[in-house]
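Novice: The structure's right below; bear with me while I get my questions together.
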Amino acid sequence: MNHQPLVLEVVIAKHCQQCGAAVRVAETLQDKFPALDVHVVDLDGPEAVKPDAVFAVPAYLLNGRVVSLGNPEVKEISETIRALLQARAAIR
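Numbering (this note's numbering), first residue to last: 183 to 274.
Right, dumping it as C-alpha cells:
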C-alpha cells in the first residue's frame, strides 16, 4: 500500500515570465485538493536544488515525475490529480 502523500512540486525561477501564474496555479490546486502536498520550488532560492528532470520553468512534478512543462490548464491537471487521489483511496 502507498501511504506517502501525493506531492506536487511547482518549479519556478525569477527570470521566468510565466512563473507568477504558476504560483497562482499551485495555490489553486492546494485549495482544491487539501490532501495534495504542494511545494513551490524557487530555483533562485538559497537552498534550492533543481530536480534532475527539470530543464525549463515553470515545471510541474507529481511525486518527482514531470507532468507539465509550462502552465497547464487547471482543469487538466486537476483531473490528473483527482484520478491519482481516487486510485490511492481505492487501494487503502
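Even glycine gets a Cβ: it sits at the ideal position worked out from N, Cα and C.
Please look up how many angstroms separate the CB atoms of valine 205 and valine 222, rounded, as I've assumed it's under 8 Å.
Specialist: One-based indexing of the sequence shown puts residue 205 at position 23. One-based indexing of the sequence shown puts residue 222 at position 40. Right, their Cβ atoms sit about 6 Å apart.
Novice: Does the Cβ-Cβ distance between leucine 225 and lysine 232 come in under 8 Å?
Specialist: For the purposes of this step, residue 225 is taken as residue 43 along the sequence shown, with counting starting at 1. For the purposes of this step, residue 232 is taken as residue 50 along the sequence shown, with counting starting at 1. The answer is yes: Cβ separation under 8 Å.
Novice: Between which residues of its own chain and alanine 195 is the CB-CB distance below 8 Å, once the five residues before and five after are set aside?
Specialist: Against the sequence shown, residue 195 aligns to sequence position 13. If we look at alanine 195 and ignore the five residues flanking it on each side, its Cβ neighbours are Cys201, Asp224, Leu225, Asp226, Val239.
Novice: Which runs of the beta strand (DSSP E) spanning at least 3 residues fall entirely within the segment 209-248, listed in chain order?
Specialist: Fully enclosed beta strand (DSSP E) runs of 3 or longer: 218-224, 241-244.
Novice: Sorry if obvious, but does the Cβ on alanine 208 come closer than 7 Å to a heavy atom of the ligand ADP?
Specialist: With respect to small molecules bound, the structure shown includes none, and the ligand ADP cannot be examined in it.
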